[in-house]
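A short write-up of the structure that comes next.
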Amino acid sequence: MKKFWYPLGLIFLITTIVYFPTLDNDFCLDDAVLFESSYPQSGQEVLLLFVEPVQHRLISHYRPVTFLTFAGDHFLWGKNPRGYHFTNIIIAAATASLVFFLIYQFFPLAPACMGALIFSIHPGHSEAVIGIYNRSQLLSTFFMLLALLAIARVIRLNKPNRAWMFFSAGAVLLGCLAKESAIVTPLLAILLIYTEKTFSKHRAKPSEKFSPILIRHLWGGIFWQLVAIMSYLLLRYKAIGSMGMPGVDGFLAGLAPLAIYVNITRIIGEYLRLAFFPFSLSCDYPLIPISFSWMAFLFPLLLGGAFYIFGKGQKKPNKTKEFSLIQISYFASFAFFWFIISLLPVLHILPLQIPLAERLLYPALIGFSFLSASLFQKRFRFFIIFVFLVFSSLTFTRTFDWKDNHTLWTKVQKTHPESYRTLIFFGSEAARQENFDKARQYYIQALQKRPNRNNRILIYDNLATLDFQEKNYLRARLYIQNLFKDAPLYPRAWILLGNIAQKEKNYGEAFNYYHQAQEAPRLTQDLKTIISQKKAEIYFDLQRWPEAYFFYRECLKRDKKDGLLYLRISLSAMRSGKLKEALPYLEKGLELAPKSWQLHYLSFQYYQTQGEKEKAEEHYKKAKKWAPEEVDLPRENG
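My numbering puts the last residue of the sequence shown at 737; the count rises by one with no breaks.
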């Protein structure tokens, strides 16, 4: 076991050095899901992750194991991105270590270590490590490798072992619960078993060959992996009512079968390019469907050649000799099959919104690592070392592109100026700076680039929000009407209509709009809280205190740290005649906002009503101390 400490230590060290700059990076891109969605952030709620989806805008995410780690990060680090990035680096290094052990089943120590190192620093999947939300890809691959190593362990022991088979099935289940891409693990296990079975024919000792009992046992392991996948699919269907991704606008939706084949092979070609030439990296590849691609003709030739080479079978390389070109070609075909199988879940067989993303390469590049290990010998060693150094520098540089959203989208603007998502980001950035005219220009330019459905909804929502802030309610309503053509149940739009009606003092109309928002499917807890707060505000303005008190209490179920909320719920309780119930809210509010003159003045009124003159006087003095100079605080009870 001691011989493994050095390669494992090197893998952890190199991975940490290359990704170390990410510790100073902010939350970027899809990391917004962590704080804009409704996933549980407390220990009492984590079990909900397994029975309910995490809803972000129109998309339902069912990845409970991944979000469980986010909940752990939230407990440890709060909203400090450094801790989240640190967790990603550790998981990435651990996954690369499992890649090392898998490659070591076929290669000597040094090539296995080099293959794992190239996997750990490959620029083509740096997005999976740098993007915090992309941790799902890391975890799914980690558990997938555990499942395959359990299979490899049984093969190496050359005797049945049910414990390892059940462990493998459990790892598959956890992998799927981290991200659905682990569903291909049984296919990779069959590839691994077939490869080892081919090698066993050439072993010196007959006792080392695969026995019929062992073969049946390995097929039993595949069966239990399939049972684990079926269990996952049942859990997924129970949680979100679909095997796919609800709310996703498919990139190839509506195309004829031949056009789908052309575009799928074209995407495979793009992934192969990123594996071998990971240059001009981007977090957005704004591809559009095409009618012709050379990969449509080349892919069947590559596939046929790989089947021919792999089908012949080659002797397992001697760990003391150089690999022949024939043996290298065998592992090239093995790597190709691994690459394609790993990409199956993201090749638009089921509808996917994004055409291509670097992070989706993460498990596929294990195949590339096998190829790198087979080339790590005298004839190619310096070339592989050169590739390692170039890839390391590219990945290290890439971490600075992800410094924050501004640096990230500025990079995309340079590499892919046709990206409408870049325009959406710069529009949102201008809106945050209250440069509404510039923001509107960006959003309209993005609309002209024919965005997909989800991004079109986002643009209309943002445009309507701009007009709401500028009190141009008529134009805001027009944008919302355009939005409803794509998503008539979009809750944020109904909430915005309610806000407009509330500003116009049309409280009955506002209530109807908020009710429509509340009826939307898969409503997040955050949106439920916003709706309750809006209703409470209306009742508060109408001085209907019991109703206001009820809805403010609903808000507290989600937000327990807003001092203003405690002020309003306390006042509503007091005006409703529920003085005893008001006191705990007053005390909690003062704990959160000790310098709030409104809370101190309300406490003065409460204790004055209760006849506790000393406490009343104490809070009155504090209210006077913290109140603005122009505010006059009368001493009579209000």
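C-beta atoms are modelled at their ideal positions from N, C-alpha and C, and glycine is treated no differently. Bear in mind the structure is a predicted one, so any value in this text is a computation, not a measurement.
Grab me the residues of residue i's own chain with a C-beta within less than 7 Å of its C-beta, minus the 5 sequence neighbours each way, in chain order.
i, result
"residue 234", "165, 168, 187 and 190"
"residue 193", "241"
"residue 116", "none"
"residue 331", "272, 275 and 276"
"residue 419", "Summary for residue 419: the model assigns pLDDT 46, below 50, so the residue's position carries little reliability; its value from the coordinates is reported in the next sentence. So no residue of the chain qualifies."
"residue 102", "208"
"residue 524", "504 and 508"
"residue 726", "696 and 732"
"residue 470", "430, 431 and 434"
Pick out whichever of the options has its Cα sitting closest to the Cα of residue i.
i, options, result
"residue 567", "588, 587, 603 and 537", "603"
"residue 551", "587, 477, 453 and 202", "453"
"residue 665", "674, 685 and 350", "685"
"residue 295", "725, 281, 498 and 310", "310"
"residue 163", "174, 151, 173 and 172", "151"
"residue 230", "475, 161, 160 and 457", "457"
"residue 709", "682, 534, 530 and 690", "682"
"residue 676", "687, 647 and 692", "647"
"residue 545", "447, 400 and 526", "526"
"residue 122", "312, 499 and 727", "499"
"residue 689", "668, 313 and 707", "668"
"residue 672", "650, 644, 656 and 687", "644"
"residue 327", "282, 380 and 318", "282"
"residue 691", "357, 670, 663 and 713", "663"
"residue 514", "148, 338 and 386", "386"
"residue 161", "340, 118 and 652", "340"
Would you call the CB atoms of residue i and residue j closer than 7 Å?
i, j, result
"residue 127", "residue 507", "yes"
"residue 277", "residue 239", "yes"
"residue 613", "residue 582", "no"
"residue 722", "residue 696", "yes"
"residue 267", "residue 353", "no"
"residue 120", "residue 493", "no"
"residue 600", "residue 578", "no"
"residue 628", "residue 154", "no"
"residue 394", "residue 410", "no"
"residue 511", "residue 428", "no"
"residue 374", "residue 467", "yes"
Rounded to a whole number of angstroms, what is the C-alpha to C-alpha distance between residue i and residue j?
i, j, result
"residue 699", "residue 679", "17 Å"
"residue 590", "residue 611", "12 Å"
"residue 207", "residue 555", "53 Å"
"residue 408", "residue 183", "44 Å"
"residue 490", "residue 203", "22 Å"
"residue 587", "residue 212", "54 Å"
"residue 249", "residue 383", "36 Å"
"residue 540", "residue 636", "34 Å"
"residue 305", "residue 403", "Residue placement at residue 305 is flagged as unreliable, the pLDDT there being 46, under the threshold of 50; the coordinate-derived value follows with that caveat. Cα to Cα, residue 305 sits roughly 32 Å from residue 403."
"residue 462", "residue 236", "8 Å"
"residue 485", "residue 284", "32 Å"
"residue 530", "residue 661", "25 Å"
"residue 360", "residue 286", "21 Å"
"residue 533", "residue 132", "24 Å"
"residue 255", "residue 247", "12 Å"
"residue 280", "residue 445", "8 Å"
"residue 253", "residue 264", "8 Å"
"residue 449", "residue 617", "30 Å"
"residue 417", "residue 201", "Note on residue 417: pLDDT 46, under 50, position unreliable in the model; the coordinate value appears next. If I take the Cα positions, the gap works out to 17 Å."
"residue 363", "residue 218", "25 Å"
"residue 176", "residue 477", "47 Å"
"residue 542", "residue 561", "8 Å"
"residue 705", "residue 712", "10 Å"
"residue 179", "residue 135", "16 Å"
"residue 535", "residue 565", "7 Å"
Could you pull out every residue in the same chain whose Cβ sits closer than 6 Å to the Cβ of residue i, ignoring the five residues on either side in sequence?
i, result
"residue 215", "110, 195, 198 and 199"
"residue 300", "With a pLDDT of only 45 at residue 300, under the threshold of 50, the placement of this residue in the model should not be trusted, and no figure is reported."
"residue 378", "none"
"residue 632", "654"
"residue 501", "124, 127, 229 and 507"
"residue 317", "292"
"residue 537", "529"
Cutting at 8 Å between CB atoms, please list the residues of its own chain near residue i, excluding the five before and the five after it.
i, result
"residue 719", "699, 700, 703, 732 and 734"
"residue 290", "433, 436, 437 and 440"
"residue 106", "199, 208, 211, 212 and 215"
"residue 717", "none"
So within the region 618 to 698, which uninterrupted alpha helix (DSSP H) runs reach at least 4 residues, ignoring any that extend past its ends? 624 to 640, 644 to 655, 662 to 674 and 678 to 691
Let me know the alpha helix (DSSP H) ranges lying completely inside the region 178 to 209, each 4 residues or longer, listed in chain order. 180 to 202
Kindly provide the ranges of any alpha helix (DSSP H) runs that are 4 or more residues long and lie completely inside the region 536 to 609, ordered along the chain. 552 to 568, 572 to 585 and 590 to 602
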